Structure formats: C-alpha cells, structure tokens
Amino acid sequence: MKRFIGWLSVLLIGYVVYQIRYRLVNVFFRNSFLRSLAVRSFFNMPYVRERLMNQVFR
7 MKRFIGWLSV
17 LLIGYVVYQI
27 RYRLVNVFFR
37 NSFLRSLAVR
47 SFFNMPYVRE
57 RLMNQVFR
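Using this note's numbering, you'd call the opening residue of the sequence shown number 7 and step up by one each time.
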C-alpha cells in the first residue's frame, strides 16, 4: 500500500509540474545568473552552436 501511495504521489506531482511548466521556466529565467548559465551551457553543445552560427551568419 505504501508503494502505491508513493507512485500515486509521484504521478500527481509530475502532473502538476507539467501543468505549470511554463510558469516554472519563467521563474527560473527571471534570475539573470541562472539565465546566463543556461545560455552558456546550451552553447557549449557543439551541435547547437554549429547550427545556430550557421543560421546567424548565412
């Protein structure tokens, strides 16, 4: 029974997070340090950097 309640609570939390995902992203990116950290880590991926640079300097 405890296992069932645990899984049910995980599913419920996942559903709620899915419903408010854009609000959570906005709260995350409101902080300038977190925003710059996300952009830096995003551009450290070679595929992403190459694709974006090709689009920008076309």
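From the three backbone atoms N, C-alpha and C, an ideal C-beta is built for every residue, glycine too. The model shown is predicted, which means the values in this text are computed figures rather than measured ones.
Cβ distance (whole Å) where residue 49 is taken to contact residue 55 below 8 Å: Position 43 of the sequence shown, counted from the start, is the residue given in the question as residue 49. Position 49 of the sequence shown, counted from the start, is the residue given in the question as residue 55. That pair is a contact at about 5 Å.
If I follow the unbroken alpha helix (DSSP H) through residue 11, where does it start and stop? For this step, residue 11 is matched to residue 5 along the sequence shown. Unbroken alpha helix (DSSP H) run through residue 11: 8-25.
Starting from the C-beta of residue 35, find all residues in its chain whose C-beta is less than 6 Å away, skip the five residues before and the five after it, and write them out in chain order. Counting from 1 along the sequence shown, the entry for residue 35 is found at position 29. Result list for residue 35: 41, in chain order.
In angstroms, rounded to a whole number, what distance separates the CA positions of residue 10 and residue 25? In the sequence shown, residue 10 corresponds to position 4, counting from 1. In the sequence shown, residue 25 corresponds to position 19, counting from 1. Cα to Cα, the separation comes out at about 23 Å.
Where residue 51 falls: helix, strand or coil (DSSP): Taking the sequence shown and counting its residues from 1, the one referred to as residue 51 is at position 45. Coil, per DSSP.
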